[in-house]
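> Sharing a structure with you now.
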Amino acid sequence: MALKNVTDDSFESAVLKSSKPVLVDFWAPWCGPCRQLAPSLEAIAAEHGESIEIVKLNIDENPETAAKYGVMSVPTMHIHVGGEIIQTFVGAKPKAALERELADHLGA
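Residue 332 is where the sequence shown starts when you use the working numbering, and the numbers rise one by one after that.
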């Protein structure tokens, strides 16, 4: 599964109303760590897409959602379950570290 891009307009339907856990990657095109993180997120989405949805929200193009969730630096990632944020982490992490953070939400 490929990563989906979400916007201020699609955030509610794609994230808050999702039937499975959703990892939201708040990012910006000018952010070096965001670009480093992207391949790891793409790999996790490809390997675990049946158990978790991974979406990206460009904070420059969608400032309303970023402001609503208090995103002050990028990359910031939120895990939403049932419309609620259950976990937040900031900064780029290697794929293995991301998978450890997401372990409760990834299929076997």
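Cβ atoms here follow ideal geometry from the backbone N, Cα and C, with glycine treated the same way.
Because the structure is a prediction, the values reported are computed rather than measured.
According to DSSP, is I375 helix, strand or coil?
The residue you call residue 375 lines up with position 44 of the sequence shown. Reduced to three states, the DSSP call for I375 is helix.
> Consult DSSP for V346 and reduce its assignment to one of helix, strand or coil.
Within the sequence shown, residue 346 is the residue found at index 15, counting from 1. It is helical.
> What number of angstroms, rounded off, separates the C-alpha of D435 from the C-alpha of I383?
Indexing the sequence shown from 1 puts residue 435 at position 104. Indexing the sequence shown from 1 puts residue 383 at position 52. If I take the Cα positions, the gap works out to 10 Å.
> Leaving out the 5 sequence neighbours to the left and right, which residues in its chain are closer than 6 Å to F342 when beta-carbon positions are compared?
Within the sequence shown, residue 342 is the residue found at index 11, counting from 1. Excluding sequence neighbours, F342 sits near T396.
> Does the structure place the stretch 403–411 close enough to the stretch 346–358 that three or more beta carbon pairs sit under 8 Å?
yes
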